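Under this note's numbering, the first residue of the sequence shown is numbered 696, with each subsequent residue one higher.
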Amino acid sequence: MEDILLFSSLTLFLLFIAFKFILKTRRRAKHLPPSPPSLPIIGHLHLVKKPLHRTFQALSQKYGNLFSLQFGTQPVVIVSSPSAVEECFTKNDIVLANRPPFILGKHLGYNNTTLVQSPYGDHWRNLRRISALEIFSNTRLNKFLGIRSDEVKHLLLNLSRNSLHGFAKVELQSMLLEMTFNNIMRMVAGKRYYGYGKDVKDEEEARQFRQIMKEAFSYGGASNPAEFVPILRWMDYGGLEKRLKNLSKRTDAFLQGLIDEHRRKEEEDNTMIDHMLSLQKSQPEYYTDQIIKGLILIKHLLRNLSRNSCHGFAKVELQSMLSEMTFNNIMRMVAGKRYYKYGEDVNDEEEARQFRRIIKELTGLGGASNPAEFVSILRCMDYGGLEKKLKSLSKRMDEFLQALIDEKRRKEEEGNTMIDHMLSLQKSQPEYYTDQIIKGLILVSALNNSSSLIEKARKSWFCLILTS
């Protein structure tokens, strides 16, 4: 008898849930874009397959650039038209500003009160103002320029260690993540939590931080079925909510420990926590410890968003990147110009193209690989037309370098480049510091980046940069 009552109660409950879901779906369907057929309870969750963008692309081919899905109880609208996307985030940005109240935001986002999870309103506007003026402003970020440079040097040093004894495969993703987290935490609390030996002052504290970050970023709301099917959340499907509560407690204790540590210090450092604590003294009713902890979390949540935008490995041809960076270094010292990379990085694309072509030809015409250098008769015959090529290259190279010198000569203000310095010496000793001498010195600088030195750079370049 008891079993029959239990079974009947469960059946009625499930029927009630299904009826409510169908009724709710029909009401919404009147105002939603076209949608594929859905299943009771789960809606269109069965259509979600990896890679997700391919699934959406296939559905957009059938239902148009604007279509709707039902992820359990959560309605979703997919927009794949650029004009519609622009309208969503310009004219209707306030309407679409709020995020769904996910479990992650409840437990790790201080009950959805951080900038990322907070609904649009006065609290969100205040958080945005604080972030824009006190955390992410150009003035604040420029103060941390030294930290970013130092972390890049640490990355280069780690890369050099991996290739001291020859070519080595490097897993760049983890190294870049570690550099980013060290950047963030040095700005936030003045501490490094990734690295070796002297790089990390408190290994136990660093271990706690790494564990917290690892767990926090593994609990994505989009991959949790309980976010979309309430009955799974009530049952705590997979024990996720229990784990999040535990993680929330440890995260809060860790962040509070950082704040208390900085509060106890007599001297104020140039960190985000110190800056927030100084603001707390003037406005204690608003700059509470919880607000500060939420702002610390923002940096890591934003990092997680950028991390999740890269889902695969990519092969990187480091040799060409090192070569380009070295030439840019040289030419910025010589003439104050960059000739590699694109867009805003290069001021004159045509001039940069000429330089790259000259360097490519110059480094390709090496004397050691030319038989005519060692067999005179081949040189008389101009074997392979090398001398003809060199004459053409010499003419173009001379014109290019002369143009750089003339451009600097025409400028009224003297810059801090090698050419400017040579031209100032030319004024006092014109008989020696001729244009030809200056062009020769420029060539010496550029040819130091020959192909033979690139191989050397692979082993020792990082260390040379770090100690220069």
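From the three backbone atoms N, C-alpha and C, an ideal C-beta is built for every residue, glycine too. Computed from a prediction, not measured in an experiment: that's the story for all the values here.
Locate the beta strand (DSSP E) running through residue i, then write down its first and last residues.
i, result
"residue 1121", "Not the beta strand (DSSP E): residue 1121 falls in the alpha helix (DSSP H), residues 1113 to 1123."
"residue 770", "769 to 774"
"residue 761", "761 to 766"
Under DSSP, the alpha helix (DSSP H) around residue i begins and ends at which residues?
i, result
"residue 973", "967 to 977"
"residue 903", "898 to 911"
"residue 852", "840 to 857"
"residue 1090", "1081 to 1105"
"residue 817", "817 to 825"
"residue 951", "935 to 959"
"residue 830", "Premise fails: residue 830 is in no alpha helix (DSSP H) and is neither H nor E."
"residue 1074", "1071 to 1075"
"residue 801", "798 to 803"
Which of the three DSSP states, helix, strand or coil, is assigned to residue i?
i, result
"residue 738", "strand"
"residue 990", "helix"
"residue 862", "coil"
"residue 1002", "For residue 1002, the predicted model reports a pLDDT of 47, less than 50, meaning its position is unreliable and no value from the coordinates is stated."
"residue 1043", "coil"
"residue 751", "helix"
"residue 1017", "helix"
"residue 777", "helix"
"residue 1032", "coil"
"residue 883", "helix"
"residue 964", "coil"
"residue 932", "helix"
"residue 868", "helix"
"residue 794", "coil"
"residue 744", "coil"
"residue 678", "Any property of residue 678 remains undetermined from this structure, which presents the chain solely from 696 to 1163."
"residue 806", "coil"
"residue 1056", "helix"
"residue 982", "coil"
"residue 727", "coil"
"residue 1110", "coil"
"residue 758", "helix"
"residue 1140", "helix"
"residue 873", "helix"
"residue 914", "coil"
"residue 1129", "coil"
"residue 925", "helix"
Answer with buried or exposed for residue i, where buried requires no fewer than 16 other C-beta atoms within 10 angstroms of its C-beta.
i, result
"residue 822", "buried"
"residue 789", "exposed"
"residue 878", "buried"
"residue 930", "exposed"
"residue 767", "buried"
"residue 1137", "buried"
"residue 831", "exposed"
"residue 1060", "exposed"
"residue 917", "Confidence in residue 917 is poor, its pLDDT being 48 and thus under 50, which makes the residue's placement too unreliable to answer from."
"residue 837", "exposed"
"residue 1098", "exposed"
"residue 765", "buried"
"residue 828", "exposed"
"residue 1109", "exposed"
"residue 922", "buried"
"residue 1004", "Its pLDDT being 43, under 50, residue 1004 is placed unreliably in this model, and the value from its coordinates should be taken loosely. Exposed is the call here."
So, using beta-carbon positions, are residue i and residue j closer together than 8 Å?
i, j, result
"residue 993", "residue 954", "no"
"residue 1103", "residue 1120", "no"
"residue 834", "residue 885", "no"
"residue 914", "residue 935", "yes"
"residue 825", "residue 950", "no"
"residue 894", "residue 902", "no"
"residue 1056", "residue 1088", "yes"
"residue 1026", "residue 1034", "yes"
"residue 770", "residue 799", "no"
"residue 730", "residue 762", "yes"
"residue 839", "residue 880", "no"
"residue 850", "residue 865", "no"
"residue 846", "residue 870", "no"
"residue 969", "residue 961", "no"
"residue 958", "residue 974", "no"
"residue 924", "residue 773", "no"
"residue 758", "residue 793", "no"
"residue 943", "residue 803", "yes"
"residue 1053", "residue 1092", "yes"
Is residue i near the ligand GDP, judged by its Cβ being under 7 Å from some heavy atom?
i, result
"residue 979", "This structure simply doesn't include the ligand GDP, nor any ligand for that matter."
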